[in-house]
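J.: For the sequence shown, our numbering gives the first residue as 8, with consecutive numbering after it. Cβ coordinates follow ideal geometry from the N, Cα and C atoms, glycine included. The model shown is predicted, which means the values in this text are computed figures rather than measured ones. Let me begin by handing over the structure; questions about it come next.
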Amino acid sequence: MKTSVKKCLLIEILLGISALLNFIFPVIFNHDRQIIFLAIALLITFFSLGIDLKRNANDKNVIRNILIYIFIYYIIIYLAGLFIGFARTIYSYTFSNLINNILPTLFTIVLMELIRHELINKTNKNKLVLITSCILFILFESSYSFGAYNMAVKEEVYKYIGLVVIASISKNILMTVLNTRTDAYPGILYRIIMEELIYVVIIVPNLGPYLESVALIILPVLISFMVINTEKKKVVDKPKDRKKLNKFYLVVTVILLMLVLLNSGLLKYQIMVIGSNSMYPYMEKGDVIFLERMKNDELKEIKKGDILVFRYDNKIINHRVTKVVERSGQLYFTTKGDNNNQEDNTVTKQEDVIGITLHRIKYIGLPSIWLSEVFD
């Protein structure tokens, strides 16, 4: 094993020990201490491996393509916001608060990506270093959110896996791909835009937290394919491969747009996340349901036993129909949650009915529950 590889593995062991300690003692490392540790790790990397921050000839093309992808991403979600609505961000906009939010994140991003770049390129993209560095940076990032979740609660475990671990995996795969094709600058630029923008905008599209998290996972995957394909084109331009990649992009774009439309309520069918356990055990908090939106002339099809989706007190409720009554041409629905001891106190009028539940998928909406609680 080459000396440079051994040195890189020793630095990675240092990162791994830090992540492990933070999993065991989550209170020890706050954001400031994280920055100090990363700065020390970068100095050790520079002293042991040397400094190599030369610009890569491929940088301009990759940076241009990354900016195009991010621009398209924000166009899509903000256009969707015109139909779905917008929400205010939770951050204060005084100068001191902007500095306190932006600078620590900026330092963390730059330090992490410089360390990653040196580890990968000083070993000539050694496969062992590529894999271990990606895994360790995932662990390193995941460890800082570990203490915020109660791992004794099943829902908390799903939240942590979905929002922290999976999102980190997607992002770190992209960062690894970028550092094998370019230098550190494209990855730093991507992370600054995606992680700092929330601190400087006043409103964000209210896409639904689950859908937003899915989009943030898909975006790094798409950019990774773009970078890999760009590299292949330099070797040989294969029309068949380009057609396959274009088909892949088209399929992913269609899926993403369909998710936006299904979440928006503009279609006959809609997806929605369950926010309580009132219908347990048939469905529980964090499940995603597919509902059929119904017009007034279709409400007569609703019968006892159907799961009604309706509005009540500025909330959307999902309870089972126990009785349907028609008076003076108007329909009234008595409902009850399967997990409740008695029927709902109020009778639902037909103008408050959205539709009926057709199907459910377990657990995949848990990230949405967590993010909605953060916004609230």
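Hey, how far is the Cα of K132 from the Cα of T187?
T.: Distance between the alpha carbons of K132 and T187: 7 Å.
J.: Just checking my contact of K311 with T329 at CB under 8 Å: how many whole Å lie between their CB atoms?
T.: Contact flag correct, Cβ pair sits at about 6 Å.
J.: Between which two residues does the beta strand (DSSP E) holding E340 run?
T.: One point to set straight first is that residue 340 is Phe, not Glu, in the sequence displayed. It spans Q337 to K343 - the beta strand (DSSP E) in which F340 sits, taken as one unbroken run.
J.: With contact counted as at least three CB pairs below 8 Å, one residue from each stretch, are the region 338-352 and the region 284-291 in contact?
T.: Enough Cβ pairs lie closer than 8 Å, so yes.
J.: Could you give the DSSP three-state label for Y289: helix, strand or coil?
T.: Y289 falls in the coil class under three-state DSSP.
J.: Cβ of Q357 within 7 Å of Cβ of L306?
T.: Against a cut-off of 7 Å, the Cβ pair of L306 and Q357 comes out as a contact.
J.: Leaving out the 5 sequence neighbours to the left and right, which residues in its chain are closer than 8 Å to R123 when beta-carbon positions are compared?
T.: Once the five neighbours on either side are set aside, the close Cβ partners of R123 are S140, F144, M182, T183, N186, A191 and G194.
J.: Expressed to the nearest angstrom, what Euclidean distance is found between the alpha-carbon atoms of A46 and I205?
T.: A46 and I205: Cα-Cα distance of roughly 25 Å.
J.: At the level of alpha carbons, what is the spacing between G52 and L86?
T.: Reading the sequence as shown, one finds Thr at residue 52 and not Gly. C-alpha separation (whole angstroms): 44 Å.
J.: DSSP on G23, reduced to helix/strand/coil?
T.: Three-state DSSP puts G23 in a helix.
J.: Would you give the residue range spanned by the alpha helix (DSSP H) that L306 belongs to?
T.: Neither: L306 is in no alpha helix (DSSP H) and is coded neither H nor E.
J.: Could you work out which residue in L74, L229 and F297 is closest to I368 when comparing CA atoms only?
T.: Residue F297 is the option with its Cα nearest to I368.
J.: Measuring straight from C-alpha to C-alpha, what distance separates G336 and E308?
T.: If you take the alpha carbons of G336 and E308, they lie about 14 Å apart.
J.: Based on Cα-Cα distance, which residue from T189, I278, V354 and E333 lies nearest to I363?
T.: Among T189, I278, V354 and E333, the Cα nearest to that of I363 is on I278.
J.: Evaluate contact between the region 66-82 and the region 220-235, counting only Cβ atoms and requiring at least three cross-stretch pairs below 8 Å.
T.: Contact holds: three or more Cβ-Cβ distances are below 8 Å.
J.: Taking R40 as the reference, which of I106, I83 and F114 has the closest Cα?
T.: Cα-wise, what sits closest to R40 is F114.
J.: Can you tell me whether E333 is buried or exposed, with buried defined as 16 or more other CB within 10 angstroms of its CB?
T.: Classification for E333: exposed.
J.: Just the C-alpha distance for I18 and N128, rounded to the nearest angstrom, thanks.
T.: One C-alpha to the other measures close to 14 Å.
J.: Give the DSSP-derived three-state secondary structure of K134 in the structure shown.
T.: Reduced to three states, the DSSP call for K134 is helix.
J.: So, with DSSP's three-state summary, where would you put V160?
T.: In this structure, V160 counts as coil in the three-state DSSP scheme.
J.: Mind checking T189: buried by the 16 CB within 10 Å criterion, or exposed?
T.: That one is buried.
J.: Can you check whether the CB of I43 is closer than 7 Å to the CB of P212?
T.: Taking 7 Å as the Cβ cut-off, P212 and I43 do not qualify as a contacting pair.
J.: To the nearest angstrom, report how far apart V360 and A222 are at their CA atoms.
T.: So the alpha carbons of these two residues sit roughly 30 Å apart.
J.: Just to confirm, is the Cβ distance from F54 to S150 under 7 Å?
T.: Their beta carbons are not under 7 Å apart, which means F54 does not touch S150 by this criterion.
J.: Out of N68, F32, L338 and E202, point me to the one whose CA is closest to N236's CA.
T.: Nearest C-alpha to N236: N68.
J.: Give the secondary structure of G154 by DSSP, where H, G and I count as helix, E and B as strand, and everything else as coil.
T.: Residue state, collapsed to three classes: coil.
J.: Considering only DSSP beta bridges, list what R300 is partnered with.
T.: Beta-bridge pairing links R300 to G362.
J.: How about A48 and F147: are their beta carbons less than 7 Å apart?
T.: Result no, Cβ atoms of A48 and F147 do not sit closer than 7 Å.
J.: Pick out whichever of I116, V117, Q349 and I142 has its Cα sitting closest to the Cα of A22.
T.: Sequence inspection shows Leu at residue 22; the Ala mentioned does not correspond to that position. It is I142.
J.: Can you tell me the Cα-Cα spacing of F365 and E299, whole angstroms?
T.: Note that residue 365 is Leu in the sequence shown, not Phe. Roughly 7 Å separates the two Cα atoms.
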